[in-house]
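Working notes, beginning with the structure itself.
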Amino acid sequence: MILAGKAALVTGGFSGIGRATALAMAREGARVAVADVQEPGETVAAINAAGGQAIAIVADVTSEDAVSAMVARCVAAFGRVDIAFNNAGIAPRHVGPSGQRTHEMSAASFRGMLDVNLTGVFLCMKYELAQMLAQGGGAIVNTASVAGLVGLPTAVNYTAAKHGVIGLTRAAALEYATDHIRVNAVCPGYVRTPMTDPTMAVRGEYLISLVPARRLGEPEEVAEAVVWLCSDRASFVTGSAYTIDGGYSAS
Numbered sequence: 001m002i003l004a005g006k007a008a009l010v011t012g013g014f015s016g017i018g019r020a021t022a023l024a025m026a027r028e029g030a031r032v033a034v035a036d037v038q039e040p041g042e043t044v045a046a047i048n049a050a051g052g053q054a055i056a057i058v059a060d061v062t063s064e065d066a067v068s069a070m071v072a073r074c075v076a077a078f079g080r081v082d083i084a085f086n087n088a089g090i091a092p093r094h095v096g097p098s099g100q101r102t103h104e105m106s107a108a109s110f111r112g113m114l115d116v117n118l119t120g121v122f123l124c125m126k127y128e129l130a131q132m133l134a135q136g137g138g139a140i141v142n143t144a145s146v147a148g149l150v151g152l153p154t155a156v157n158y159t160a161a162k163h164g165v166i167g168l169t170r171a172a173a174l175e176y177a178t179d180h181i182r183v184n185a186v187c188p189g190y191v192r193t194p195m196t197d198p199t200m201a202v203r204g205e206y207l208i209s210l211v212p213a214r215r216l217g218e219p220e221e222v223a224e225a226v227v228w229l230c231s232d233r234a235s236f237v238t239g240s241a242y243t244i245d246g247g248y249s250a251s
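No gaps in the numbering here: position 195 of the sequence shown is 195 in our numbering, and each next residue is one more.
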């Protein structure tokens, strides 16, 4: 129960890493506001059925008004936002030989990826940080990617967005270090989620061959790292980008 008494906000909680993290946070004692552009009722029902406390919020992180309302809804339900996991994002549709190189990518495709994966994180942080300043502290974890640490060919938009998330994380960590607010990021590699299923169906065997652990990660493995980063056990950790990739980025 390392998050006992905490109020948490998780975006992208409908499935995958977000769902696994919301469940793990509830298991560790947090009350959880689960947000997603899709109704995250199944995640919330699973938490409440297990004896936890959760609410569902439908929100589009590319809309500033929606993000402001999302944070306000969490505060209205739980009185505060101690923990925020900014996980909502989209994946590139085609990576590899069928993907687009930089000169082939449309400006709309580039902007669309940044709107969700980078600007969406910024907007969430903007309102979460304001709330955490008002209440005297908190912890934020952002979902970046190994593509925030290394280049991902034929996904320049995704790579740029995830590098940007790490930059946002580090800059904010420095800005708020004396305000009792910690800001970190996690950098998952290839993880078994509904969002990665289409890519894995086409190129899974090849991609797994690039991972020294020779397997996909599981959402729960990322969730455990996020829970620890949000807990008081990580009280001296801020500005870090934790890699969870089975050794992919080390090779």
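Virtual Cβ for every residue (Gly too), placed ideally from N, Cα, C.
Is the beta carbon of residue i sitting closer than 8 angstroms to the one on residue j?
i	j	result
I17	T143	yes
G239	T169	yes
V75	Q38	no
I47	E28	no
A22	G41	no
L210	Y158	no
C230	I83	yes
V146	G189	yes
N184	V141	yes
A88	M70	no
G246	P212	yes
V32	A54	yes
D179	L133	yes
If you reduce the DSSP assignment to three classes, tell me which class residue i lands in.
i	result
R101	coil
P153	coil
P194	coil
I257	Residue 257 cannot be examined here, being either before or after the span of the chain that is shown, 1 to 251.
F78	helix
H206	The amino acid at residue 206 is misidentified as His; the sequence shows Tyr. Here Y206 sits in helix by DSSP.
V34	strand
N86	strand
Y176	coil
R93	coil
A7	strand
A185	strand
F138	At residue 138 the sequence reads Gly, which differs from the Phe that was named. If DSSP states are grouped into helix, strand and coil, G138 belongs with the strands.
A66	helix
A50	coil
To the nearest angstrom, how far is the alpha carbon of residue i from that of residue j?
i	j	result
T43	I208	28 angstroms
F236	R182	8 angstroms
G164	E104	22 angstroms
A201	L174	41 angstroms
L118	V81	21 angstroms
A155	V227	29 angstroms
F278	Y242	A question about residue 278 goes unanswered here, because the residues of the chain that appear run from 1 up to 251.
E220	R73	26 angstroms
G112	T62	10 angstroms
P153	A49	43 angstroms
A24	G99	35 angstroms
L216	Y206	12 angstroms
S15	P194	7 angstroms
R101	S68	36 angstroms
L123	A250	31 angstroms
E64	L129	14 angstroms
R192	R19	13 angstroms
A45	I166	32 angstroms
G137	Y176	9 angstroms
A171	A4	29 angstroms
S109	A160	12 angstroms
A225	A7	18 angstroms
N86	G51	24 angstroms
A234	A107	40 angstroms
Report the CB separation of residue i from residue j in whole angstroms; it is logged as a contact under 8 angstroms.
i	j	result
A91	T196	6 angstroms
A26	L9	A26 to L9, Cβ: 13 angstroms. No contact.
G151	K162	Actually they do not touch by this definition, with Cβ atoms about 11 angstroms apart.
Can you determine whether any heavy atom of the ligand NAP sits closer than 7 angstroms to the C-beta of residue i, and answer yes or no?
i	result
G52	The ligand NAP is absent from the structure shown, which contains no ligand whatsoever.
Check: Fully enclosed by the segment 101 to 129, which beta strand (DSSP E) runs are 3 residues long or longer?
Finding: none
Item checked: Entirely enclosed beta strand (DSSP E) segments - the segment 215 to 247, minimum 3 residues -> 241 to 244
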